[in-house]
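Peer 1: Residue numbers (the numbering used here), protein chains in the order written: chain P, 76 to 489; chain L, 76 to 489. Each residue gets a CB set at the ideal place from its N, CA and C atoms; glycine is no exception. Here's a structure for you.
2 protein chains.
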Amino acid sequence: MPGREFFRTRTVAEALAALPTGRVTASELVGLDDALGRVPVEPVHAPRQLPGFARSTVDGYAVQAADTYGASDGLPAYLDVSGAVAMGSAPGVTVVAGRAVAMPTGGALPPGADAVVMVEHTQQVMPGTVEVTRPVAPGEGVVRADEDVAVGQQVLPAGRPLRAPDLGMLAAVGVTLLSVHSRPVVGIVSTGDELVPPETAELAPGQVRDAIASALAGLVRQVGGAPRPYGIVADDAGALERVLRDAVEVCDLVVVSAGSSVGARDETAGAVARLGPPGIVCHGIAIRPGKPTLVAQAGDVPVLGLPGNPLSAMVVFGLLGVPLVRRVGGCTQVPPEPRTRARLTRQVPSRAGRLDVVQVRLDEDRGHGGPQAYPVLGASALLSVLTSADGYLVIDEDATGLDEGAEVDVTLYR
Amino acid sequence: MPGREFFRTRTVAEALAALPTGRVTASELVGLDDALGRVPVEPVHAPRQLPGFARSTVDGYAVQAADTYGASDGLPAYLDVSGAVAMGSAPGVTVVAGRAVAMPTGGALPPGADAVVMVEHTQQVMPGTVEVTRPVAPGEGVVRADEDVAVGQQVLPAGRPLRAPDLGMLAAVGVTLLSVHSRPVVGIVSTGDELVPPETAELAPGQVRDAIASALAGLVRQVGGAPRPYGIVADDAGALERVLRDAVEVCDLVVVSAGSSVGARDETAGAVARLGPPGIVCHGIAIRPGKPTLVAQAGDVPVLGLPGNPLSAMVVFGLLGVPLVRRVGGCTQVPPEPRTRARLTRQVPSRAGRLDVVQVRLDEDRGHGGPQAYPVLGASALLSVLTSADGYLVIDEDATGLDEGAEVDVTLYR
């Protein structure tokens, strides 16, 4: 059985780098209604130009710009109005020298015209004639047919989860069905003889409800994965190995919350090691909380063994599991986390060589130069630490702590 | 017909404040699998204490702390081991003076014990006897039965969208079904004779595909709402009024993207005004882009008239629509937006009294003291401005622009 003594403690970056290149999910077609947050497999190129025709950007008159040169309040240019463009229709008229055509914002520029004068710079003096009091340059008041997007231009990159404005762009160029990575299926296995399902009404002495599986499922959903619960497995290496073998067959990533005692953790490590090559790449990560973490791969499926207490498990999953869900799901341009700068209200020690994750509560009183970050203290076994925190700060491996009053970057829960 | 002249331009805050208190959605029951991001109607109180029994936080031996006082490497305390606690079981033994019971991390503390000595500070010298080389204080190595949560304690507030760790807390206290606000139904109406559905393969001259509806639906989903598309209505006040009447019957909030020309906008304003009291509270917001915005309410349903071009519509919906979706959906503790500090690469002018929203692209090269924010320029009719931006910055009403090199807060797209 591979004990921890065979593996030296690694940093988070080393652990992620040590995993062989794993799988990336296949593609599926989705419509615009289901595309938010999904990850395009290929860059999207515009099949057509946008807006597709020269459009007016103002209400006014389509003209030949040369007809307005020198126009002023004192010496206006007089143009004959030879018609009007209707929204959504082809312009039925042509603009020739000395003439103007009435335009709505967004209307198609008539042939012959090269600019649109804003209505605010005109006056209708008699029926059929308009007075122009300011000159326009060619192209003024007009968006070119390909000014937004040219034919064949890349409008969206591969690997970046689709954002709301991206859906507008896809609609505009008429791409209403597109190829995105399937949601990575993340198997969630809980171990521990003490665990019972959350639905259990009354607990026998020594039992606790499985909190980790529900919290992990939430994190997985938040980053675009599809959680697949495998329930609770007793601290029995044979039973655990059977469940894990099923999971690596079906899932793109498997997460097992190891039992909290040393014996249970060693059993988990043994079961994971027996899943096959390349096996365990790292046992023990230089994080607090979260040291007893297992990083492994079975075939092309990463397997993550999390500490047995919920706070540590959440911290480790945030640092290692979330990047893996993204990687497996084809996301190469990671959306930003919400963050804020804050001032630390007390000194926080840390050991060099170890990454410390400190839960903090924010006081948004900006009277004293920005929010204050209060470290939320408590054993890592406490869930209330997590739910009362507004976010966390990370003290890097090379730092030896933070001083009271230090300016810190807090990653916010959402 | 209420023209814009009857309404003075308002700031965003004034417009939101001017809306009478509207509806808040009713409640529905959801299970933990569907609870992420949902908004609890009432605070959640713990029906039981957590962890529910005194638990060991280490692998070691349960003892009476007094038996270890003065223990050291040179003068260890010797205790008889009178049994072991198994995970998930009631402790079958009692600890009396001079005795110890073997404990796994997370095991239930046996009666009589008041501390747990870490296994690292013990040595098994002969079967049935353990040598303790460090003293422990009462309570050391133990989490109290109610240390995480006391019975009846509030564990989650009302009005804060549920986060992943919150789901863990709910599971831990056995609350697997809870009352949350229904998702606010947001009616989305597009107007404009030039608009055609995104699925339209070939466009006639002057036509454009409806981009706003898809982009708005994405924004609505992102903040927990349920978009309800009403399709495209031609620029005809009667037809628009009929669709809007249907929408305010069924929806919790209605958004109509007004046609882009002055005439179409006035028709939209007229149709909205005829929906009934309290009616239009503001026509024209001091935002760029986005000035021609309409804020109204029909009964207790807010109605928002957005500018006809996608960029302006998205900006206005972000500033006014998103807070309304949250308000209607019972969200009183708004989750943070992702933000970053950046340095502006060029001067951006702004007029005092008007809020300017400037799209920016970020260069994450941190070689020169943090990311650089490049304003993305282009007409507000261009969708490519939005999709090539990484986020936006807001120049407040009281500012008159930003200097090159200014440190700015960029709200990031996700």
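#1: Look at the Cβ atom of residue 161 (chain P), then the Cβ atom of residue 281 (chain L), and state whether they are nearer than 9 angstroms.
#2: What's the gap between the Cα of residue 489 (chain P) and the Cα of residue 129 (chain P)?
#3: Anything in the stretch 458-476 of chain L with a Cβ closer than 7 angstroms to a Cβ of chain P? List those residues in chain order, please.
#4: Under 9 angstroms, do residue 217 (chain L) and residue 175 (chain L) count as touching if we go by C-beta distance?
#5: Quick one: residues in its chain with C-beta nearer than 7 angstroms to the C-beta of residue 305 (chain P), no 5 flanking neighbours on either side, listed in chain order?
#6: Would you decide whether residue 387 (chain P) is buried or exposed? Buried here means 16 or more other CB atoms lie within 10 Å of its CB.
#7: Any idea which residues DSSP pairs residue 196 (chain L) with across the strands?
#8: Mind checking the stretch 177-191 of chain L against chain P and listing, in chain order, the residues whose C-beta falls within less than 8 angstroms of any C-beta there?
#9: Using a Cβ cut-off of 8 angstroms, which residues of the stretch 320-337 of chain L contact any Cβ in chain P, in chain order?
#10: Which of the three DSSP states, helix, strand or coil, is assigned to residue 89 (chain P)?
#11: Who are the near neighbours of residue 251 (chain L) in its chain, counting only those whose CB is closer than 8 angstroms to its CB and skipping five residues on each side?
#12: Who pairs with residue 204 (chain L) in a beta bridge, going by DSSP?
#13: Below 6 angstroms CB to CB, which residues in the same chain sit around residue 453 (chain P) once its five sequence neighbours on both sides are set aside?
#14: For the alpha helix (DSSP H) holding residue 170 (chain P), just list the boundary residues, first then last.
#15: In whole angstroms, what separates the C-alpha of residue 276 (chain L) from that of residue 405 (chain P)?
#16: Can you tell which of L:371, L:102, L:399 has its C-alpha closest to the C-alpha of residue 256 (chain L)?
#17: Which word fits residue 95 (chain L), buried or exposed, when buried means at least 16 other C-beta atoms lie within 10 angstroms of its C-beta?
#18: Check whether the stretch 336-343 of chain P touches the stretch 408-420 of chain P, taking contact to mean three or more Cβ pairs, one atom from each stretch, closer than 8 angstroms.
#19: I'd like to check one pair, residue 379 (chain P) with residue 399 (chain P): are the Cβ atoms closer than 9 angstroms?
#20: Would DSSP call residue 324 (chain L) helix, strand or coil?
#21: Which chain P residues sit within Cβ distance under 7 angstroms of residue 139 (chain L)?
#22: Name the chain L residues whose beta carbon is nearer than 9 angstroms to that of residue 136 (chain P)?
#23: Going by C-alpha to C-alpha distance, which of L:210, L:214, L:202, L:200 sits closest to residue 184 (chain L)?
#24: Might you give, ordered along the chain, the residues of its own chain that have their beta carbon closer than 7 angstroms to the beta carbon of residue 401 (chain P), omitting 5 neighbours on each side?
#25: State the Cα-Cα distance for the pair residue 316 (chain P) and residue 377 (chain P), rounded to the nearest angstrom.
#26: Among residues of its own chain, excluding the 5 on either side of residue 478 (chain P), which ones have a beta-carbon nearer than 6 angstroms to its beta-carbon?
#27: Looking at chain L, is there any beta carbon in it that lies within less than 9 angstroms of the beta carbon of residue 247 (chain P)?
#28: Determine the chain P residues that contact residue 275 (chain L) at a beta-carbon separation under 9 angstroms, and present them in chain order.
#29: Ignoring anything shorter than 4 residues, give me the alpha helix (DSSP H) runs that lie fully in the stretch 328-372 of chain L, in order along the chain.
#30: Since residue 370 (chain L) and residue 390 (chain L) should fall inside the 8 angstroms C-beta cutoff, what is the C-beta to C-beta distance between them, to a whole number of angstroms?
#31: Straight-line CA distance for residue 462 (chain P) to residue 241 (chain L)?
#32: Can the beta-carbon of residue 269 (chain P) be found closer than 9 angstroms to that of residue 163 (chain L)?
#33: Residue 239 (chain P) and residue 290 (chain L): beta carbons closer than 9 angstroms?
#34: Indicate whether at least one CB of chain L lies closer than 9 angstroms to the CB of residue 79 (chain P).
#35: Step through the CB atoms of chain P and report whether any lies within less than 9 angstroms of the CB of residue 234 (chain L).
#36: Does DSSP put residue 278 (chain P) in a helix, in a strand, or in coil?
Peer 2: Quick look at the numbers:
#1: Yes, they are a contact pair.
#2: 43 angstroms
#3: Answer set for the stretch 458-476 of chain L: 458, 459, 461, 462.
#4: no
#5: 262, 263, 264, 318, 322
#6: buried
#7: In the DSSP output, where bridge partners are listed per residue, residue 196 (chain L) has none listed.
#8: 179, 180, 181, 182, 183
#9: For the stretch 320-337 of chain L, which is checked against every Cβ of chain P, the residues closer than 8 angstroms are 334, 335, 336, 337.
#10: helix
#11: 106, 107, 245
#12: Beta-bridge partners of residue 204 (chain L) (DSSP): L:155, L:201.
#13: 460
#14: Counting along the chain, residue 170 (chain P) falls outside any alpha helix (DSSP H), and DSSP gives it neither H nor E.
#15: Annotation: residue 276 (chain L) to residue 405 (chain P) spans about 29 angstroms, alpha carbon to alpha carbon.
#16: Out of L:371, L:102, L:399, L:102 has the C-alpha closest to the C-alpha of residue 256 (chain L).
#17: exposed
#18: Judged by pairs of C-beta atoms under 8 angstroms, the stretch 336-343 of chain P does not touch the stretch 408-420 of chain P, as fewer than three such pairs exist.
#19: At the C-beta level, residue 399 (chain P) and residue 379 (chain P) come within 9 angstroms of one another.
#20: helix
#21: Within chain P, no C-beta atom comes less than 7 angstroms from the C-beta of residue 139 (chain L); the nearest is roughly 20 angstroms away.
#22: Within chain L, no residue has its beta carbon less than 9 angstroms from that of residue 136 (chain P); the closest one is some 13 angstroms off.
#23: L:214
#24: Excluding sequence neighbours, residue 401 (chain P) sits near 298, 409.
#25: 15 angstroms
#26: 422
#27: yes
#28: 249
#29: Runs of alpha helix (DSSP H) with 4 or more residues, each lying fully within the stretch 328-372 of chain L, are found at 337-348, listed in chain order.
#30: Not really, about 15 angstroms apart at Cβ, beyond 8 angstroms.
#31: 6 angstroms
#32: Between residue 269 (chain P) and residue 163 (chain L), the C-beta spacing is below 9 angstroms.
#33: yes
#34: Because the pLDDT at residue 79 (chain P) is just 42, under 50, the model does not fix this residue reliably, and the value given afterwards should be weighed accordingly. Closer than 9 angstroms: no.
#35: Output row for residue 234 (chain L): interface = no.
#36: coil
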